[in-house]
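Engineer: Numbering (the numbering used here), first residue to last: 319 to 528.
All C-beta atoms in this analysis are idealised placements derived from N, C-alpha and C, irrespective of residue type, glycine included.
This structure is a prediction, so every number in the text was calculated from the model and none was measured.
This structure is in structure tokens; I'll ask about it shortly.
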Ligand code: Z5A
């Protein structure tokens, strides 16, 4: 039996962590086994890669292609040691970001050729695809402000990018969601936490629990 694979996407501070915790609690209260993980990270090696990628002191030390390869390396490790085994055990996997992040941040934000991103994506994930992707769409400035509030003003290496970079990311997500309406549920990240939580639960129920 295979479990379900749910991913959360959206730009900085859009509320993924908040909603993932609530969704996991809802599943757990029904007696379901849930694995929560994140990208980059989620494994011993992945967390080391995450530290490298986010360290603001490496601002000018990581080329765009190196960055792309590091995100893919973290993902390959996460799939092999966490996501695929959990799905094979019939569990629910909820992942904070997955390959859609690479398309929008590296493909559009960094303007790396999409064929390159696509090829590496195929090598990294094979045929694995999320069953459902929740996109929390949020005004870029609000998201950055939320991140600043949370981290007492300090931004990591990627959070330090320009407003134009994050606008490209936001628009890119909306484009992908438009192309794959069966996989994506787009929710306004400015709604209050409880309303978003309810909308996610309704989506999950109609997709998996009916
Ligand atoms: N990245 C990439 O470039 N390529 C890739 O392939 C992958 C990732 C996989 C990971 O950062 C970075 O890696 C990310 C993309 C890049 N960089 N950026 N920018 P991360 O994991 O450290 O951070 P993040 O994924 O961007 O998320 P976040 O900043 O941790 O935010 P969040 O999890 O989406 O939101 P939150 O922590 O739940 O909420 C943020 C704050 O807003 C917090 O104070 C909440 O209480 C508040 N909040 C949450 N919901 C609401 C609502 N509805 N109303 C008001 N306030 C709210």
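1. Per DSSP, what kind of secondary structure is residue 447 in: helix, strand or coil?
2. In whole angstroms, give me the CA-to-CA distance for residue 458 and residue 508.
3. For the beta strand (DSSP E) that contains residue 356, what are its first and last residues?
4. Would you be able to state if there are at least three C-beta pairs under 8 Å between the stretch 465-481 and the stretch 343-362?
5. Residues in the same chain with beta-carbon distance under 7 Å from residue 334, minus the five sequence neighbours each way, listed in chain order, please.
6. Mapping the DSSP letters down to three states, classify residue 389 as helix, strand or coil.
7. Check whether the stretch 511-524 touches the stretch 431-445, taking contact to mean three or more Cβ pairs, one atom from each stretch, closer than 8 Å.
8. Count the CB pairs spanning the stretch 391-410 and the stretch 496-510 that are closer than 8 Å, and state whether there are at least three.
9. Residue 466 to residue 478, Cα distance in whole Å?
10. Is there contact between the stretch 371-390 and the stretch 352-360, where contact requires at least three CB pairs shorter than 8 Å?
11. Nearest CA to the CA of residue 375: which residue from 521, 336, 475?
12. Around the C-beta of residue 330, are 16 or more other C-beta atoms found within 10 angstroms, so that it is buried, or is it exposed?
13. Can you tell me the Cβ-Cβ gap for residue 525 and residue 450, rounded? I've got them flagged as a contact below 8 Å.
14. Might you give, ordered along the chain, the residues of its own chain that have their beta carbon closer than 7 Å to the beta carbon of residue 405, omitting 5 neighbours on each side?
15. What is the rounded straight-line gap between the Cα of residue 492 and the Cα of residue 456?
16. From what residue to what residue does the beta strand (DSSP E) around residue 326 run?
17. Whose C-beta lies closer than 8 Å to the C-beta of residue 435 among residues of the same chain, with five residues either side of it excluded?
18. Roughly how many angstroms lie between the CA atoms of residue 484 and residue 332, to the nearest whole one?
Structural biologist: Let's see:
1. coil
2. 11 Å
3. 352-356
4. no
5. 326, 328, 414, 454
6. helix
7. no
8. no
9. 11 Å
10. yes
11. 475
12. buried
13. 6 Å
14. 320, 321, 323, 411
15. 11 Å
16. 323-327
17. 386, 420, 421, 424, 425
18. 12 Å
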